[in-house]
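What follows is a single structure, written as structure tokens, with notes after it.
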Amino acid sequence: MENWQEWRKLKRADLIQHRESIAAEDHRNWSKGITASLEQAFPQLQRCIVGFCWPYRGEYDPRPAMNFLCAKGATLGLPEIPEDLGLLQFRRWWPEAPMRVGPYAIPVPDNTELLTVDALIIPLVGFDQQGYRLGYGGGYFDRMLASATPRPLTIGVAFEILRLDSVHPQPHDIAMNFIVTEAGIYRVTDLGLVAISNDECAAEHPLK
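For the sequence shown, the numbering used here assigns the number 1 to the initial residue and increments by one for each residue that follows.
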């Protein structure tokens, strides 16, 4: 595709509008399904440093999963965009953490400890059959993942209505390791998305 940037801009706006129009009951139920999979299929997260994102513009609401993992002993972080617009960084979050309003009016931890995450739960504006994500266009996650050594486990979260045939991935795009929707869990393979059960995923120990 020659003009992939314009295509993504238009598709991004369309998907966000579609997501924001989801009925409240459907959003609650779909979010519960994703949370259940995160809790049951990735027990290793309970022993790791996990990065989440505060819900924005109709995204999956991860706060129940955040509270669950925090209670189980995980260390959690939320992203912060540095003022110099450099690499995305994560600051420690817990239920009583001090918060401030960050860019785009998204709450962020107020000067808490900086973390290096083992795993990322990444909201997706859209996703495709090969496990690539359509984000908001800032490139923050792509730059962070490209520079990270070792690279954290990436778990994309989205609703099925946001699935696309292709996001027309570019050389800088990085596929997810897993994608979780209200329909279940998909492992990202060279052949595309492969549906697996919660038990299968838990047995794989994706985080060593």
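Note that the Cβ used here is the ideal one computed from N, Cα and C, for glycine as well.
What you are looking at is a predicted structure, and each value in this text was computed from that prediction instead of being measured.
Between the alpha carbons of R57 and I16 lies a distance of about 7 Å.
Separation of A146 and W30 (C-alpha to C-alpha, rounded to the nearest whole angstrom) is 31 Å. Taking C-beta atoms as the reference points, V188 and D128 fail to come closer than 8 Å. It is roughly 12 Å from the alpha-carbon of M99 to the alpha-carbon of A105. Going by DSSP, P98 is part of no beta strand (DSSP E) at all; its letter is neither H nor E.
DSSP places I34 inside the alpha helix (DSSP H), whose first and last residues are A24 to A41. Shown here for Q46: same chain residues with a beta carbon closer than 8 Å to its own, the five before and five after excluded, namely L69, K72, G73 and A74 in chain order. By the 16-neighbour rule on beta-carbons within 10 angstroms, L114 is exposed. Here the alpha carbons of A202 and V180 stand approximately 13 Å from one another. 8 Å or more divides the Cβ of D142 from the Cβ of I122. Residue pairing from DSSP places E80 in a beta bridge opposite Q89. Shown here, F141 sits in a helix according to DSSP, grouped into three states.
Between the beta-carbon of F90 and that of P79 there is about 6 Å, and that keeps the pair under the 8 Å contact cut. The alpha carbon of R133 has as its nearest neighbour, out of F178, D190 and P55, the alpha carbon of F178.
If you keep only unbroken alpha helix (DSSP H) runs of at least 4 residues inside the region 117 to 174, you get 140 to 147. By the C-beta density criterion, H27 is buried, having at least 16 other C-beta atoms within 10 angstroms.
If you compare the alpha carbons of D110, Q170 and A158 with that of G184, the shortest gap goes to A158. A direct Cα-to-Cα measurement between G138 and Q40 gives close to 32 Å. Cβ contact annotation for S37 (same chain, cutoff 7 Å, sequence separation greater than five): V180, G184, I185 and N198, in chain order.
Contact check for A119 and L207: beta-carbon distance about 6 Å, within the 8 Å limit, so the pair qualifies.
Counting other Cβ atoms within 10 Å of its Cβ, W93 reaches 16 or more and is therefore classed as buried.
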